[in-house]
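This report concerns only the one structure given below.
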Amino acid sequence: MTKPQNVSVDNKRTVDFAVAIGGAAGQGIATPGNILARIFARRGLHLNAYNAYQSLIRGGHTFLTIRASDAPVLNMGDALDVMVALNQDTMDRHLGIMPVGSSVIYDEAKITPNDTPDGVQLCPLPIKELVGRNKLAANTVAVAVVLNMLGIELDDLADALERIFSRKGAEVVESNREIAERGYEYAAANFDAFTFAAPRLSKGLAVVTGNEAAGMGALAAGVKFYAAYPMSPSTGVLMYIAQHARKLGVMVRQVEDEIGVMNMVVGAAHAGCRAMTATSGGGFALMTEAVGMSGMLETPVVCIDVQRAGPATGVPTKTEQGDLWQILGAGQGDYPKFVVAPRSQADIFNTIPELFNLTDCYQCPGLMLTDLLISEGTATVDPDELDWQPNINRGEMIFPNGDVNANDNPYGGYNDDAYLRYENTESGISPRAVPGVPGHIHVAASDEHDEDGTLISDEFTNPHKRRMMVEKRARKMETSIDAVEPPQLIGVSDAVATLVGFGSTWGVNVEAIEKLESVDEIIVNQLHIKWIVPFHVDVVTSILESSNKIIIVENNYSGQFARYLRSETGIKADAFIRKYDGEPFMPHHIVDGVKAILGGETELYVPTHEIMV
Amino acid sequence: MTKPQNVSVDNKRTVDFAVAIGGAAGQGIATPGNILARIFARRGLHLNAYNAYQSLIRGGHTFLTIRASDAPVLNMGDALDVMVALNQDTMDRHLGIMPVGSSVIYDEAKITPNDTPDGVQLCPLPIKELVGRNKLAANTVAVAVVLNMLGIELDDLADALERIFSRKGAEVVESNREIAERGYEYAAANFDAFTFAAPRLSKGLAVVTGNEAAGMGALAAGVKFYAAYPMSPSTGVLMYIAQHARKLGVMVRQVEDEIGVMNMVVGAAHAGCRAMTATSGGGFALMTEAVGMSGMLETPVVCIDVQRAGPATGVPTKTEQGDLWQILGAGQGDYPKFVVAPRSQADIFNTIPELFNLTDCYQCPGLMLTDLLISEGTATVDPDELDWQPNINRGEMIFPNGDVNANDNPYGGYNDDAYLRYENTESGISPRAVPGVPGHIHVAASDEHDEDGTLISDEFTNPHKRRMMVEKRARKMETSIDAVEPPQLIGVSDAVATLVGFGSTWGVNVEAIEKLESVDEIIVNQLHIKWIVPFHVDVVTSILESSNKIIIVENNYSGQFARYLRSETGIKADAFIRKYDGEPFMPHHIVDGVKAILGGETELYVPTHEIMV
Amino acid sequence: MTITATPISKQFTGNQVVSLDTIPLSNVEVTRDSFKGKIDPDWCPGCGDFGVLTAMQKALSELGKQPHQVITISGIGCSSNLPGFINTYGMHTLHGRALAVATGMKMANHEMTVMVTGGDGDGFGIGGNHLMHTMRRNVDLTYVVMDNQIYGLTTGQTSPTSRLGHQTKSTPEGNIENPINPVPLAMVGGATFVARAFSGQQAHLVDILKQAINHTGFSIVDVFSPCVTYNKDNTYKWFKSRVRKLEDENHDPTDFHAALDKGYEWGEEIPIGVFWKREDLPALHQLEPVLDEGGPLAYRNLGLSKEQSDQLMSEMM
Amino acid sequence: MTITATPISKQFTGNQVVSLDTIPLSNVEVTRDSFKGKIDPDWCPGCGDFGVLTAMQKALSELGKQPHQVITISGIGCSSNLPGFINTYGMHTLHGRALAVATGMKMANHEMTVMVTGGDGDGFGIGGNHLMHTMRRNVDLTYVVMDNQIYGLTTGQTSPTSRLGHQTKSTPEGNIENPINPVPLAMVGGATFVARAFSGQQAHLVDILKQAINHTGFSIVDVFSPCVTYNKDNTYKWFKSRVRKLEDENHDPTDFHAALDKGYEWGEEIPIGVFWKREDLPALHQLEPVLDEGGPLAYRNLGLSKEQSDQLMSEMM
Ligand SMILES: Cc1ncc(C[n+]2csc(CCOP(=O)(O)OP(=O)(O)O)c2C)c(N)n1
Ligand SMILES: Cc1ncc(C[n+]2csc(CCOP(=O)(O)OP(=O)(O)O)c2C)c(N)n1
Ligand code: SF4
Ligand code: SF4
Ligand SMILES: [Mg+2]
Ligand SMILES: [Mg+2]
C-alpha cells in the first residue's frame, strides 16, 4: 500500500525559500540547478523544482525554480527569494516580480537591471575576474553566491563539484573549487546574507523527477520489458530505464512509433513479462486501439500518459490535465481497465508496483495519468517512503513449472483441450498460461472468442456466448473497487469549502489550504482523487454530500474532471478553479480563487499566470 | 433542416409482414433479398431489412429479415411470416420460432423440417423439377412462391428479373421468368396464401442502406475528396462513393491505413475541399490524433464511425453502440467538435450536408456516430424526404477570387502580414483563406500558435497567448447550440415512463411505445437524442425533470450514454434497458423491459436474443 | 492494497524453468496431425490459404517442433484467422500489428519459435511500418504472407499488391497505384531470408518454409495464395502457368543483384523460390546482452535485490 | 439549422478561379527574400537545417515560383519547424504524418507546388508507412529530409538512420539495430527521383532541389544536416571529408544497379547527388481522370445538378 505522506507540513517549517535560475535554453541551467538541489537534499532539506521551458533546443527562455524547506515542499511556491539571471532577457522578464527582501544575482558585465523594485538586493558579479581562464565556470560562481547567502557551508559545494566534474579530471574539479571559493568570499564581502540559514537535518533525501520515479518504480515492480517512442514530457522514463537496463536484466526497445510500442508491450506481456511504456497524449492516441486489445486478450500492460498541453502537438513543454477523457474513452467498445492519477513523485514510484499487481490479478490494462508538472518536476523523497521490495502479486498465472500454489501444471500433461484460457469462472478471472507451457495451448484473440479462445465468428456468431464473454470480462472488475484505496478527506470535516482534484494538483491544494487558514482564517479541506477507474462512488458521494461548497481544481479548459465526477456521482460542483495556459497552479492562484468564489465574485476562477515564460 | 419523419405509424397500417431468408454465407441470400425489397418498395411498401451475418466469407450462417408494411417500418420487427430456408441449418435453427399462421419454404429434396410448431404451414418445393436445367435459379423459385403467397402479381417479379439479369443476356432473363412462373403456379396450387394481400400504393419508394445514404448525403453536400481504409461495417460508404466518383468529379482514395486516411482528409480539407471519411471503432481509434489536429488547425473534416461490437476487433459483423466515449474522448486535450448520432437511413442522408455546414462555419471536426444496424441495414426512403440540393454554407472562407460577400480578397494584394489566419475575433471564428490565395500566406500549425500562425514555442511560450488561443477556439462553440435542433419529446407528456436513447434505437423505441399502448395500455413516451455535442442541456433537463420514470435504452454493456447524460445534466436515470450480444433490439425486447421495470422486477433489463445467428 | 479476487499465486521465487529446453517433452511423436487446430478452417472452399496451413503444419512437424514451443501470431484478415486452425500457441492481434506483437513475444521469450501469418493488406498496407522496421532489426521471426492481391475479409477491395488496372470494389474503374513488389522491398529493407512461393505447389512451399523456420533472423515468405472469391485476376490457373522455380535454374541466393532482377521479373514467367539469404547478420535477440544468459525474460524472477535497489537509490542522493 | 455565428458567405455559384494560373501575379520580382518567413529560425547556431532552408529559398526563387503557389508541409521535429521560417503557405502537422497530409493537399489542389520537409525520425521512423505508400503512388511532392541521424527535438535519442553502436540517450550502450539506408529504400519503394545531398554544400544542394522540384512525380532528397547539439558522430567535419559528388563521376541516374551500388556505399567515401531518376511513370494526379479538366478540386463548385441527383435516386428505386 502506498504509504501515507505527511500532508500537513506547516507547523514544523522553519525555513522556506525559493531560488530561480533563468536563461536561454542551452545556457546550462540544468547543472547549477542540479548542484543546488543535491546540496539542499543532502542536508535533508525538502525541495520541489519546476522548470518552465520551451520546445526548442536553444534560444528559448528557461526558468528553473527550486523551492526548499525543512518541511515537505509540494509545489513551486508563490515567491522567489533569489534569482540568478543568466541573460538580460531573464532580468527584464522577472525582476519586476521579485519581492521585498529578495536578491538578484547576475554578471555585471553582461546584464543591466532596469526598474528594480524597492527592497530587492542587486548582486552584480564580476564574473570575468572571478572565473579567470575557466570561462565555463560562470554558473559555479552563481551557485557559490547563492549558497553563501543561504548560510550553506562551502564544503557542501566542494563535494558536489567533485561528484559532478570528477569525470572531467582533477584539474577541472580543482579549478571549479577555487572559483567557487572566490565567489563564496565575494558574496560574503559584498552582499547581505538572508536572515535565516538553511539548516542541516539528520537525514539526507533523494532528488527525483516523476519520470525517474516511474522508472525506479518499474524496476521495483519487476518490469523486464520496456518499450517506448520518445515524446516529451515522458521521455525521461525511457532514458532512466535505458541507463539501468543492461545491468538489471531489463530489455529496452525504442520502437518505430507508439502503435508499435503498445503492440510490442502486449506481445511481451503475453509472453509473461511485466511490460510497460510511457508516452504523452499524442502517443497515447495512437496506442488506444492496442490498449483495447489488451483488454480483450486479458493481457496485463501498464502505460503512463504524461500529459502536456494539447490538443494535437499543442505545447510540448507545458503542463495540463487534458487527457482524462481520452484515457476514459481509449479504444472502441467496453473493456475493464484501471486508471490512476498519482499525486507526487513518491506516489508515482509506489503506485507502479501496485498497478502491476492489479493488472496482473485482473488481467487488463493499467493506465496511469501524470503530467509534466510532476513527471518532469523534481522533488525530494525520503528514501524510506519508497518501497523497493514491494509485494509482487501476479495473480492466477501458469508458468512452465506450474504456479506457486500447485507447483506443477494444474491441468498437467499434454491435453490442451482441458485448459480453457477464457474459462467463464465465477470471479470472471481465468487462469492465464503463458506460451511455452505444455498442455495449455490456446489462441489469444482480439475477435470475440469462446472460453477456449476460438473466434466466435469462426463457428457461428452466437449472441449468447457473446453476452457471456462480455459479462465475464466485466465481472472481473466487481471486486476491484475493494482493491484500491478509497480517497480520504484531508482536513477538518466542517470546512467552508472542499477543494476536489485529481493527480498533480494535490500538492498545491494542500498548501493553498494551509495559507487560507493561516493568513485568511478560511478553513477549507481537500478531497484528492487518485483512483479514477474504479471510482469510489460511495465514499466520494458521502464525503461531498456533506461539503459546504465543492470547488473543483483542475488544469484544463473544459473541466474534464468535473464532468467525470458528475457522470459517476451526479454531483455538480459549486465552483471551479481552472488553468489552461500551460503553466501549473501556484498556491496563491488557488487562494485567490477560493476567496473570489467564497466572496461570490465568480463560479469559475481562472488565474492569470504572472511568471512569463 | 432535417425534415421531421413520420413517427406515429400505427393508425394507417393495414399490412405488416416479415420475410426471412436463411442460409450459409455464399449461398446468395443477397439477390433474392434485393429482389423482394425492390418489388416491395416499387409497390410503395415501406420496409426495413436486417442481415444477421458473420465475419466470414463463406460457410457462416446468414439470416436476412425483410419486414414490410404500408406504413413506415422502423426496425426488423418481432415475428416472421415467411421463412425461406436455403439449408438444413436454417431450418433447424429457426423453425421453432415460427409463429402460428406462418409459412416455411424449402427444397424438399435437401431439407427436412423437424418438430414443426403447430399452425406453421410447411411449403416443400420440388426445386429440381421446377428449375430444370437452370440450377442457379432455385432462389428465383423461392421468391416467386413468397410473392404468390403475398398476393403480389407475377409481373412485378418479371420486371425485377429483367433488371437484374439483363446484363447476363436475354436467355437468362427468359429462363428465370419461366421458372418464376412455374414456382408461382406451384405455390398457388399447393400452399395457402396469406389472409392479406400486399397492397400497391401510389408512390414508389427508394431502398437504401445507411452506408448508401451516407454516400449519397456526401455527394449532395459537395464532398470532393473521400478517403478511406476498408473496415466493416463502414466499407459500404467507400464502395458507394467509389462507384459514382469519376462521373461526379469526386476523388476517392483507398489509403494505407486509417492514420493516413484522416491526415489526407485534413490535407484535402485544408486545401478547400469538403473532405470526408467513414470507418469503424478500430479505425477511428487510429484517427483520433489527426481528428485533434483538425481541431487545432481549425480545418473542417467529417468522419463517420459506424460502430460494431467491440472491444478490439470484437465482432466485426455485429452491432453495438459502444464507441460513444471513444468519440467523446477522441485525441488528447480539449478542442471543439460536433458529434451527431442520426436515427435512421434518411436521417443519415440529411444530416451530412448539415454537419458539413456546421464544420465549415465553425472550422472544426464533425463526427457522426452510426452503427451496423442502420448503416448496413436497409430501409425504404420516400424520395421526397431526401434533400438533394441542400443549402451549402461554407462559413467564412477566402478563395482565390475572394469570398462571395466581397467578391475580391478582403485583405487584397500581396501583403501577407495583414492577414491573420487565427485572428482573435469576437466570435472566435477567423476567416479561413485556402492555399493559393495571394496575400494570405500563413502556416496552419498543430503546435499552439499565435494569431498569425507562428508557433508559440518559436518565440517564447507565452501563457497569456496560450490562454487567448484556447479561449478563442472554445468561444467559437458558444453559438453552436443554437445551430442544432433541440430534441423533442415524442408522445404524450404525462406518460408513465420515458425511453431515452441516441442514434439507432429510435425506431425500435417508437414501435415498442406503440405496442405498449395498443397491447398493454401502458403509455410511454420517448426522448431521442441526436446531437451529442453540443448537448441541449436545458431542453433535455426540462423534459426529463417532468418524466415519471426515465429508462435509458442503449446497445452496450456499460451504459455509456447513461453516464454521458449524467455528466452533462446530473440526471440519473431510473432504469436501463441494455443489450450487448451483438444483435439489435427487437420491439418486444423493449416492451418486455419496460414491463419488467414498471413491475419493479429490475432496474436493469437485458433481453435475451431469441434468433440465434 | 488487498485484492479480493479469486485465490492468487505469489511471486515466483525460485525453482523456475529458465529454459524451454528443460521442460520434459511429451513422448507422443510429433506428426502433421499434432499441429491440427481445434476447429476446421472456415475459408471459402478452394481458398489458397488451405495450402499454406497444410504446408506450415508439415514444415513444423518435419522439423520436429513440439506444438507448445511454437507460437503463431497474426493480424486480421481471412489469412490472419490461421492461428485458430493450427495447434500451436497463438495470437490473433490487430489488423497490421502482428509483427510488432511478435517482436515483443520473441524478445520476451526468445526460445519460442515465432511464426507470423497474415495477408498482403495486413502486412504491406496498414502494417507496412512495422514490416520495414522488423526487417532492419532482423528479428528472428518467420513471416508467412498469404498474398492474394486483394482484401479478402472485407469483401474485395484493392490491396498494395493489386496490379495496375485491377478492378475492385474500391477501384471500380481500375487501380491507378503502382503495386508493391515484396521481394525487392524485403531485400532492401533488411530481411535476411527472402522467398516467394505458391500455395498450389505444396512440396516446394513446405521446403521453403522449413528453410525459413531454420533461418535465424527475419525470414519472409511471400506466398501466392489465391482468393477464389474476390480476385478473378490472380487465380490458381494464372499463377500455375507462370511460376518458375529458382531452384531449377541455379540461382545463387547470395547474389544480391541477380536476386533483385529475378525479384522484379513479373510477366509471362514469375520466379518462386529463395531469392536472397544472408547468414552473416546476427538476429536481434543475439545482439541483446540481456539475453546472453538466464533463459527467456518471461520466465525470470521479478524484483530487485537489496543491493541493486540501494545502488539505484544512492544515485539519486 | 440556423447558424448564428459571424456573417457567413454562401455557396460559390460561379465566377470561380478554376486554375491558379488565372490569378494575376504580383509584379514584385521574386527573389530569395520573397521566401523569407515571418520569424527567424530558432535552430541551434550551426544546425544543418539552416543550410537546407537557405537552399530551398534559393531553389524556389531561382525557379521563379511565386510564394503563394507553394505550400511547405512538415511533421514534427526541429527540422519540421521549417514551414514557419519560409514564406510559402505552410502546414505543421503531426509527427510522421506530413506525407499523408501533403498527398491530400496535392490531390485537392494539384496546381500548387507541394514541398514536404522533416526529419529522419519523422520520415523514416513513425512516418515510414506513409513514405512507402506515397513513393509507390508517385505523388508529385518534393520531399526534403533533414537527416541528422538523431532525434533532435526530443534531445537526442536513436533514429532509424543512427549507425550501429551509436550511443544516444535511449541507447546508452550503443544502438544494436541496423540503420535504414534511404537511397536504396526509396529506389525500390518507387520514388522516381532519388537524391542525397549535404547541407554543407550549398550550391550542390540548391541544384539538386531545383531538379527535384522540377521533377513531376515523387522526389526525395535525403540531406545530411548535422545536429550540432546531439549528434557528435555525424558532424560537418565527418561528412565534409567523406561526401563525393556523383556528378563528378559520370554516374548515370537511369542505371538502376549502379545507382543501388552507389547508394549502398558508406564508409570513407559517401556519394551525394542524384542517384536515380525515371521520367516514364506518370504522377498520381496525372492518372486521376477526375483531374483531367476543371482545375483544382478545391476550387470547384459544390453540389449536384438536379439531373445528377435524379440519376442517383433512380438507381435506388
Ligand atoms: C484498424 C483496422 N482497420 C481495418 C480493419 C478491417 N480489415 C479487416 S481484414 C482487412 C484486410 C484484409 O486483407 P488482407 O490482409 O490482405 O487479408 P485477406 O483477407 O486478403 O487474407 C481489413 C481492411 C480492421 N480490422 N482494423
Ligand atoms: C505521436 C508523437 N510521438 C512522439 C512525438 C515527439 N517527437 C517530436 S519530434 C520527434 C523526433 C524528432 O526527430 P526527427 O524527426 O529526426 O527531427 P529532428 O528533430 O532530428 O530534426 C519526436 C519523437 C510527437 N510529437 N508525436
Ligand atoms: S474471401 Fe478469398 S481469401 Fe477469404 S477465405 Fe474466401 S477465398 Fe480465401
Ligand atoms: S537540436 Fe540538433 S537538429 Fe535541433 S536545432 Fe539543435 S542542432 Fe538542429
Ligand atoms: Mg489479401
Ligand atoms: Mg533527426
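Chains as they are written, first to last, in our numbering: chain A, 113 to 725; chain B, 113 to 725; chain C, 94 to 410; chain D, 94 to 410.
Beta carbons are placed, not taken as given, at the ideal position from N, Cα and C, and that holds for glycine.
The structure presented is a predicted model; accordingly, all values stated were derived computationally and were not measured.
Buried or exposed by the 16-neighbour rule on C-beta atoms within 10 Å, applied to residue i
i: Arg455 (chain A); result: buried
i: Glu535 (chain B); result: exposed
i: Thr126 (chain A); result: exposed
i: Val212 (chain B); result: exposed
i: Gly379 (chain B); result: buried
i: Phe308 (chain A); result: exposed
i: Ala132 (chain A); result: buried
i: Arg579 (chain B); result: buried
i: Arg58 (chain B); result: Since the first residue shown for chain B is 113 and the last is 725, residue 58 (chain B) is missing from the structure and cannot be characterised.
i: Met74 (chain B); result: Only positions 113 to 725 of chain B appear in this structure, which leaves residue 74 (chain B) out of reach.
Any non-hydrogen atom of ligand 7 within 7 Å of residue i CB
i: Asp369 (chain A); result: This structure lacks ligand 7; its bound ligands are ligand 1, ligand 2, ligand 3, ligand 4, ligand 5 and ligand 6.
Segment limits, beta strand (DSSP E) that includes residue i
i: Leu639 (chain B); result: Val636 to Ile641
i: Pro275 (chain C); result: Element bounds for Pro275 (chain C): not the beta strand (DSSP E) but the alpha helix (DSSP H), Pro275 to Gly282.
Chain-ordered chain A contacts of residue i [CB-CB under 8 Å]
i: Ala421 (chain B); result: Gly445, Glu560 and Arg578
Chain B contact residues for residue i, given Cβ-Cβ distances below 8 Å
i: Glu432 (chain A); result: Gly445
Chain-ordered chain C contacts of residue i [CB-CB under 8 Å]
i: Ile269 (chain D); result: Leu377, Leu380 and Glu381
i: Cys728 (chain A); result: Lying outside 113 to 725, the shown extent of chain A, residue 728 (chain A) is not represented and no answer is given.
Within chain B, the residues that residue i reaches when beta carbons sit closer than 9 Å
i: Val281 (chain D); result: Within 9 Å Cβ-Cβ: nothing; Val281 (chain D) doesn't reach chain B, min ~17 Å.
i: Pro346 (chain C); result: Those within 9 Å of Pro346 (chain C) in chain B number zero; the least Cβ separation is about 30 Å.
Interface residues of chain D facing residue i [CB-CB closer than 8 Å]
i: Lys336 (chain B); result: Ala201, Leu390, Ala391, Arg393 and Leu395
Enclosing alpha helix (DSSP H) for residue i [first to last residue]
i: Ala249 (chain B); result: Where Ala249 (chain B) is concerned, there is no enclosing alpha helix (DSSP H), given that its DSSP letter is neither H nor E.
Complete runs of the alpha helix (DSSP H) confined to the segment 383-417 of chain A [at least 4 residues] | 393-409
Do the segment 183-190 of chain B and the segment 337-349 of chain B meet, that is, are 3 or more Cβ pairs less than 8 Å apart?
-> no
Would you call the segment 230-240 of chain A and the segment 272-285 of chain A in contact, with 3 or more CB pairs under 8 Å?
-> no
Would you list, in sequence order, the uninterrupted beta strand (DSSP E) runs of no fewer than 3 residues that lie entirely inside the segment 129-196 of chain C?
-> 163-167 and 182-185
Let me know the beta strand (DSSP E) ranges lying completely inside the segment 303-346 of chain B, each 3 residues or longer, listed in chain order.
-> 318-321 and 335-340
How do the segment 439-458 of chain B and the segment 403-423 of chain A stand: do at least 3 beta-carbon pairs fall below 8 Å, yes or no?
-> yes
Report the residue ranges of all beta strand (DSSP E) runs contained in full by the segment 599-651 of chain A; include only those spanning at least 3 residues, in chain order.
-> 609-614, 636-641 and 643-645
Could you tell me whether the segment 330-349 of chain C touches the segment 286-303 of chain C, where touching means 3 or more Cβ pairs closer than 8 Å?
-> yes
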